[in-house]
Structure formats: C-alpha cells, structure tokens
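Contents: one structure, followed by commentary.
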Amino acid sequence: MIKSNSGIRKTDVINRRMFIIGAAKVVVFVGIVARLFSLQINENKKYLTLSDKNRIREWKLPPTRGNIVDYFGNVIAGNLKVYQLHIIPEQVENFNYLLVRLKNLLNLSDKRIARIQKLKAELKPWDSIIVSENLSWSQFVKINNYLYDLVGVKPVMTISRNYPFDDVYTHVLGYVSQPNEQEILENETIQERFVPGMKIGKLGLEKRLENHLIGTNAIQRYEVNAYGKRINQLEHQKGEQGSKIRLTVDTEIQKACGKLLNEKAGSISVMDIYTGDIIAMYSSPSYDPNLFLFGISQDEWQLIRNNPLKPLINKTLSGLYSPGSTIKPIVALSALENNVIDTKFKVKCTGKMELYGQTFHCWKEKGHGWVSLKNAMKQSCDTYFYQVARLLGVDRLNITAENFGLGKKVLGEYFDNEKKGLFPNTKWKKNNLGKGWVLGETLITGIGQGYTQTTPLQLCMMTAQIANGGYAIKPKIIVDSNPISYEDAKQSMESGLLFDTDSEELLDKKLFKNQKNIKIVQEAMFASTNERFGTSYKSRIDDPKYQFAGKTGTAQVKRISKRERELDLELEQIPYKDRDHALYVAYGPYVNPRYALSIIVEHGGSGSKAAAPIAKKLFKLIVDRHELRNKQSNFERITI
Amino acid sequence: MFQHDRLSNEITLLQKIKSLDYILLISVILLSALSVLVMYSTDGGEILFHTKNHLVKLTVFFPLMILIAFFNIKFWHNFSYIIYIIVMLLLIYVSFFGIKSSGSQRWMDLYLFVLQPSELMKVAIIMCLAKYYHRLKIENVNSFTSITIVLSIIIIPIIFVIAQPDLGTSILIALSGLIILWLGGMKIKYFIYSFITFLISLPFIISFLKPYQKLRILTFLDPDRDPLGAGYQIIQSKIAIGSGGLNGKGFLKGTQSYLDFLPEKHTDFIFTLFSEEFGFIGSVGLLILYSIIIFRIVRIGAISRSNFARLFCFGYAFAIFIYIVVNLSMVLGLLPIVGSPLPVMSYGGSSMLATMIGFGIVLSAKINHKQMIA
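Here you go:
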C-alpha cells in the first residue's frame, strides 16, 4: 500500500510539473508565431524587396550612338550591324579542341589564343568571352556551318559605329574606341552608362558631343542564382539612341577636297560667307577612322604615325602657317581704313628695298616698277606692301587683322586641338620675347612672314568677312536649333546689325569704318585672279556664274640665302622639307558672292601654281551645289 | 497486479491495431507527406537524390514505428537501460572510429545508411531516466546518490557528443534529460540554483567554445556584422521567411531556395523553404500539426497507468517541442545557429529514426496504457 501511495504521489508530482511545462510550451509557441507574424506580415515588404534584390540582376547593354549626318541628311557617322563570336566556357566540352578549331577557321593569332585562355581563367564560367569583335560575313557563315562541332560557341549580332565615308571626315568627326580609366572617371555620363565593350568618342566631334551622342543603355533583367549565374530573363528595357546631329558640311565637296589634295599634305576649308556654315573642312592626308573601332593593329598604327605627311594632325585647325601674301588684302584694308594710303598711292618697286642696311626682296627680282594698290595686289608686289606696312605700323595692322579673326580660335570650344595662331604687335613682342619691335619686322609682317601664324580656317574666315562686305560672322559646323537663313543673315548684315542667337542681343557686326575700302580690296582681289598679269590669272573661270576673286600666297619655310636666290632653283630641285607652302584664299561667285575658301598645300611651291588651280576645280562644284543647298536649308531642325 | 499482467498479455494483434492512436498516426503521416513535398521542392521540383532518399527512409522507418508500437510497453521498460548502454557504446565507438565529415566525427557507416548515434541518444536518455524515476521512491528523488546517478546519466553521453563536436545535439540531449529530472520531482530550487550558476559561468563556458561557435553567437547578436560570411545564413533565412508573406510564394516557387540562396535547405533550414513557399498560413498550420502531435503524446502520457510510460511520453513530448523551438528560433533569428533538425521534416536518417522510435514507444504506451509496471 505504501508503495502504491508513493506511486500515486509520484504521479501527482509528474502531472503537476507537466502542467507547468505545458503552460510554458504554449507561451513559447505563441512567441514563435508572433515572430513569424512580424517577419512575414509586418516586414513582408522589406523582405520581399531584399529577396528581389537577391535574385534580380540587371545587365546594361552598350547604348547606341546617335547618327551624325551632313547638311543633306547623309549619314556620315552611323551604326552598323556587326557579327561577333562569343564563347561560353561552361558550355564547352573540350576547350582546347575548340580553340584549335576556331584558330583554323578564323586564322586567329597565337597571341589572341593566349588572351582567350587568360580571359577564361579570369572570368566566371558562364560569362561569355569575346573571341572576335568583328567577323566578316564569310567568317560568320563559316562559323554557323560548323556550329554543330563548336559546342559553347555563340555567334552574336551587335551594333558598332561605322563611318561610311572612311577617311573623308576623320578630322572633323574623330573616331570612337574603348575608353580608358581616366576617360570614364572624367565624364559622369560615360561613368553612368559604361559597360565593357562600349566605345566612346576619342577625338573631334565624337568626343566633343559625347554626351549628346552616347544614348541610353538597354537594360536586361535576369533572375540569377546565389552564384550569380543567369537563370532566366525577366525583362528587356530598350535603350534610346543618342541624339542625331546634323552638320553644315557637304559630303560631295568634302570628298572633292580629299581628291584634290590626294597624296599632298595640306588643307581646304570652305565657308558660307553669310551664315558662317562650314561647307568643307578637309585636312590631308587623312586616315580611316574605322580602323580604330576594334583596336587598330600595331602595323597599321605605325603606318599612320610614321607617315611623313602627318595624317594625325588636323591641319585645318592645328596647322600653323605663315599666311604669306594672302595677308595682303588685310594690310591693304588696314592702310585704307587708317587713311595711310589711297587708291592713287604709288610705290616704285625695284625688286628690293633697303632699310637700315638690310635688304628686303620682292619676289620679282626685276621689280614691278611704279605700282598702285590694285596692281600691287594683282601681282603681289612685296615692295609695295613693305612700304605700306612701314607707313601703317604693325600695331594698327594688328588691330585690323584681329578684327578679321586672326590670332583667335574660329570654332572655339568645338575642337580641343584648334590653335589660335598669332598676329604680332609691339606689345606682344615686348611681353613674350622681351625685346623691342624692329621696323624690319613690320615690313615682313606686311607680306605675311615673320611672327604671324595662321590656321587655314582663320584665313578662310578672314576671306569670308572681306567677301561679305566686311561683317563679322560666327563660323559653325553644327546646324543648331535656330539656323539663320542666308537671306536673314545677309539682310541683317547690310542693315548693320545682327541678332546673335547665343547672347540674344543685337550686335554691331561691322568690321569697317568705310565700306568703300572693302570694295577697293575686293576689286583688287578680283583683279588678281581675273586680269592679265594677276598671280592666279591662269586659274580664273570666265563664266560669271563661277567667277571668283582670290589672292595667292607663298609662305617661306626657311630664310632664303643669297646663294639660293641667285640659283633660282626649280621646285623639284629643292628638298621637300625646304619647299615653300602654297596658299590661296578666294571667294565667289564675284557677283553676289556666297562662299569663301582657303587652300594650303604644304611644301607645294608657289601659291599660283600649286594652290590656285585647286580652287578653280573646286569652285565649279561649290557653285553647282549651291542651289541644292538652298533647297535643303529647312530640311530638319535638330535641338542639341 | 498479476491479473493486470495477464490481461495485457491477452491483447491480440487486432486489438492492438484498433487501439493505436489514430490522431497521432494521421498527424505523423500528414507530416511525413508534407516533408516529402518540401524535399521535392528542395530538389527543384524533381524527384532527385534527396526526395528519393527521404521517401525510402520514411517507408522503412514508418513500419518500424508500428512494429515498436506492437511491443508491450513493459518490454521497452525492461530494455531501457540496455538500450541506453548500447547507444552509449555506439557513441564511444564513433568517437574513435567514426566517419569524419566537415570537421566533426559523429557518424558510423552501417552500409545501408550512415548512423549518427547522438541522435538516438536523444530518445535513449529519456527512456533511461524514465525508467530510473519510475523505479525511484519519491522520498529518494532529492537524495545525493540519486542526483549523482541521474546527472551522470546525462553528463556522460554529453561529454562524448560535445567532443565530436556537436553543440546542438548535446544541448538537446541535456534538455531532454533535464525535463525528466524536472518531471521526476527534483526540487525546483536546484533548477533555479543551477540556472543561476549557469548564467554566472557563461563567460567561462564561452571561453571554452571553439572559434566557429563563438562566431555563431556573435553573428546571432548582430547578423549584419559579416553579411557575406558568418551572417549570410541567418540573413538569407530571414529574407526567405519574410518574403513569404501571408500566403507564401507558392509551391516550387520559392526564389530564395530555388536560386540557392538558402544554405542547408535540406536539413536545418528546411522550415525556411517551407515558410517561403507556404507563407504565414502554412507555417502556422505546420505549427498546429506539431502541436497536435505534442498534445496527443501528452494525453497518452496522462492516461498511462505506469509512471514509466507517463514520464516517457511527457519527456518525449517536451523533447519534440524543444527540437521544434530550437530549430525555428534558429531560422527565425531568435537563437544562435546550432545544428538542430526539425523533426520528420529535415532530411537526415538518424534524426528520423530516433523520432520514429520515440513515436513507436508512445504508441506502445497508448496500446498498453492500462499496463502496470512493477
């Protein structure tokens, strides 16, 4: 009985204690349910977001660059479908075998194979390796034919920059290529949109207009697993192509410039004298920007770099030349404006001029005899201009020259590589060379030698401003949102006021004191081309539709020694590097002029023989394109 | 008394089948079915390795449970000490000749499957202590000798399990043992004193922990201190559960598990996957199912005539409860990560074997609830 009592007591203890535990159990379970509730109901949104963040990964695709078109809408920098070959390592059964097969099919170099091997080691097995960025169509077809044998290989179609006119616009457009680290860091837009394989503008307008051209990334959303492997695609968000940019240039004329300067070093610029539109801007020799898209080969690069004609330099904007006699219209205009001379003023040219024991030669050894302004300009008499410059003084000449755009950048911010050149004065020399101005220097400045340095585009703009009656223009190469028509430009110039779209105010664009003086200079330039004994008489066109006025120039590269002057060598007898630069500036048609141009042929010899004949060939085309251009003027307005 | 013995001997097989606890049985079957579904989901919606193995284990261990149930509870009472000693010997064997895996030595190869004796110890210790307290006179419960003996019964296996090392299982063994001590009538003040002593000595205990164990505690206190390393598991687990919401993402649609963000999703973190796919409603449902099982076991204990059966059922019900609480607290970020499976749901043969043996003995207690044991 005791035992059974004890047993009952024990059972009581067990039951009582079980009850306490039972209560505790309920409390704990309620606690767990509360925790579940807080995680799954209260904080559900937070954890859903975190879960999506875990599983959804975005892949940015390279944006599509905007097209650049010429004035007529022809694409000069566009996009092209290219065929690429990718390998996805995890799908490859035998990597080495595959490489051997591809090597044979595509003629890959050993270096390329080594690079692929290295990439394979660095990347995750599901990240694709780009074997070839640009397969030819025949290679692409070949790969597709053998695809059954090339497991893990993926032929891909993508979009790449393309310059359909090859080397015609290289110096204007520049080119695109893969950015380096610094370029990514410097530009926030590039930084934001950068994806491997993307290309950015490296030079020229491609670089300057990067933020307009770049476009937005297409975005692909993928579901990924914990190791970052893509499982399936959730969404594809299309990117927007970059802005389209329309230039003022005319591809036909630009192409003609290229042909005319073929195998020569030099530059041609053509400008609308009223609107400042740049019609053509060609620097020779050029190079093919398409070479840079997929990484230029060392051989090709060396070929461009070591070319003695220096294709990498944009001669139109960064080439600095003595203007030679092409400065004479400005010297004449300055002297007329300052009342130093008039049309009756005459100088006797004996072939040379002595000053303080120094001899200054005219190009014509026998001399021109008594010459007036018109004849001096026509025959490019140096003695006359020595004399005029002496009377005028370099400081007054400097003011006129700078008014007409010398010593200043023409396109300003658009091109990094544009140089501003130099037109000297006494103050400049004192400040920069620490010496006083010498009168002899005034004389040679008067014939465009000495310190003066100009770019071909500056000479073109200078000529344009003489041609339009002496009004300041603002050259441009991009058709802006509010393009001014030729009629409006001309009218506002003639009324003496011009509405400036940038500063939004009426500006006095008059560059002269007396318009008669401009007329005198224009007539003198006309005579130089269209009257007998004019330096470019041989290059004239008699048809008034194409008739133009111009001024030749021959810029010495080195000082001519007495001995050389006596020898009077033919061009071919002088070493290339020592030959004179040939220059020519012109505008036309003479009646109702519309276009100005400047031509420079490096080491081409005399302006009348090497440069002026190019103008003759070009002017016909420029004038013929004029009507088409007029029709096209309201073609499309693009805001950038 | 003799009569009772004879009575129980006369129970036929049909009677045994009739007197099985069907609510418990159906709950276990439901739980098993659910576990197969979840395992199928961890395999990514295919019948692969884990699903197949889990199914095989269920089909072997479920009949084993019924078989155990058909033995008289007296039989299990008689063999309790021997079972404890056998499991103890296995533990000793494992500590010398066991299979090493990921830094711990807790398994033995039984050709057909790999056995983890420490899991069996979770049940064996309850049997052993239940028998001890069944036989112990109530007056002697708090005597020095008896306390020394029961503490030894608990501490000896724990030493071997900790040495494996396996902190999670040793804690569960300790708690399973302590609950019998509590139910057996050990003075409440002893529990309070030892709890206080435990708290005081906690810093010393921590200093004895292995570096990875310390890291787990630190990570528990602040999972964000190393989100990609030690804190990764708990962060991903909370994301999975939290993103499940009220209704869950749907069967086979749990992105966290499907995309491999969940670690150990087959074993310790199985609830995470379940909760992600079936949401708050499913999770509470699972808890209710477990509660039914626990409640049924307690009820069987309560109707049992023998104190052995009563102690075993109450102790085992508590053990199941503790397994669930430790596992859920871990995946919900309420406790540091200690390896502890969720009964039946988690993939793992030994854990399921032990659980099914436990259920079997409980069912045997039900069939023989009128049985008195001398």
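Protein chains in written order, with the working numbering: chain A, 1 to 640; chain B, 641 to 1014.
The beta-carbon is built from N, C-alpha and C at its ideal position, and this holds for glycine as well.
Opening and closing residue of the beta strand (DSSP E) in which residue i lies
i, result
"A/Met353", "Lys352 to Leu355"
"A/Asp272", "Gly266 to Asp272"
"A/Glu235", "Arg230 to Gln237"
"B/Asp749", "Ser744 to Asp749"
"A/Tyr584", "His581 to Gly588"
"A/Gln358", "Gln358 to His361"
CB contact check: residue i to chain B, cutoff 8 Å
i, result
"A/Tyr227", "yes"
"A/Arg57", "no"
"A/Glu252", "no"
"A/Asn79", "no"
"A/Gln233", "no"
"A/Glu90", "no"
"A/Arg17", "yes"
"A/Ile14", "yes"
"A/Gly22", "yes"
"A/Glu43", "yes"
"A/Gln178", "no"
Of the listed residues the options, nearest to residue i (C-alpha basis)
i, options, result
"A/Leu173", "A/Glu206, A/Ile477 and A/Ser485", "A/Glu206"
"B/Ile881", "B/His906, B/Ile910 and B/Gly825", "B/Ile910"
"B/Tyr772", "B/Ser735, B/Ile820, B/Leu730 and B/Leu755", "B/Ile820"
"A/Leu85", "A/Trp137, A/Thr49 and A/Pro125", "A/Trp137"
"A/Glu487", "A/Leu293, A/Met157, A/Ile273 and A/Leu150", "A/Ile273"
"A/Ala610", "A/Trp301, A/Lys419 and A/Gly266", "A/Gly266"
"A/Ala401", "A/Ile574, A/Thr454 and A/Tyr386", "A/Thr454"
"A/Ser536", "A/Met525, A/Val92, A/Glu235 and A/Thr463", "A/Met525"
"B/Ser944", "A/Phe512, A/Gly436, A/Asn15 and A/Lys551", "A/Asn15"
"B/Leu731", "B/Pro851, B/Phe901, B/Ile799 and B/Val938", "B/Ile799"
"B/Asp900", "A/Tyr227, A/Thr326 and A/Thr554", "A/Tyr227"
"A/Leu642", "A/Leu320, A/Lys53 and A/Pro63", "There is no way to answer for residue 642 of chain A, as the model of chain A reaches only from 1 to 640."
"A/Val347", "A/Lys374, A/Tyr384, A/Val331 and A/Ser318", "A/Tyr384"
First and last residue of the uninterrupted alpha helix (DSSP H) at residue i
i, result
"A/Tyr222", "Counting along the chain, A/Tyr222 falls outside any alpha helix (DSSP H), though it belongs to the beta strand (DSSP E) covering Ala218 to Val224."
"B/Arg936", "Ile910 to Ile943"
"B/Lys656", "Leu653 to Lys658"
"A/Gln40", "A/Gln40 -> no alpha helix (DSSP H), and no H or E assigned at all."
"B/Thr809", "Leu807 to Gly824"
"B/Thr837", "Ile828 to Phe848"
"A/Gly204", "Gly204 to Arg208"
"A/Lys562", "Lys562 to Leu567"
Per-residue burial, residue i [other beta carbons within 10 Å of its own, 16 or more giving buried]
i, result
"A/Gln458", "buried"
"A/Leu439", "exposed"
"A/Ile600", "buried"
"A/Asn67", "buried"
"B/Arg646", "In this predicted model, B/Arg646 has a pLDDT of only 47, less than 50, meaning its place in the structure is not dependable; the value taken from the coordinates is given anyway. By the 10 Å Cβ count, B/Arg646 comes out exposed."
"A/Asn425", "buried"
"B/Tyr751", "exposed"
Min CB distance residue i to chain A below 8 Å
i, result
"B/Lys893", "no"
"B/Leu823", "yes"
"B/Val938", "yes"
"B/Ser834", "no"
"B/Val965", "yes"
"B/Phe914", "no"
"B/Ser648", "Here B/Ser648 scores only 48 on pLDDT, less than 50, and its place in the model should not be relied on; the value that follows carries that caveat. False, the Cβ-Cβ gap to chain A never drops below 8 Å."
"B/Phe909", "no"
"B/Glu873", "With the sequence shown as reference, residue 873 of chain B is identified as Gln, and Glu is not the correct amino acid for it. Answer no: the Cβ-Cβ gap between B/Gln873 and chain A never drops below 8 Å."
Interface flag, residue i vs chain C, CB-CB below 8 Å
i, result
"A/Glu300", "Looking at the structure shown, chain C is missing, and the protein chains on hand are A and B."
Residue i Cβ short of 7 Å to the ligand MN heavy atom set
i, result
"A/Gly434", "Annotation note on the ligand MN: not contained in the displayed structure, which lists no ligands."
Can you list the beta strand (DSSP E) stretches of 3 or more residues lying completely in the segment 430-503 of chain A, in chain order? 497-500
Which residue spans inside the segment 282-351 of chain A form an unbroken beta strand (DSSP E) run of at least 3? 347-349
At 3 residues or longer, and completely inside the segment 123-168 of chain A: list those beta strand (DSSP E) runs for me, N to C. 129-135 and 153-162
Complete runs of the alpha helix (DSSP H) confined to the segment 55-131 of chain A [at least 4 residues]: 95-106 and 110-122
Can you check the segment 597-640 of chain A for any alpha helix (DSSP H) of at least 4 residues that lies completely inside it and give the ranges in chain order? 612-632
Could you pull out every unbroken alpha helix (DSSP H) segment of at least 4 residues lying fully inside the segment 654-693 of chain B, listed in chain order? 662-682
What runs of the alpha helix (DSSP H), each 4 residues or longer, lie entirely inside the segment 752-776 of chain B? 757-775
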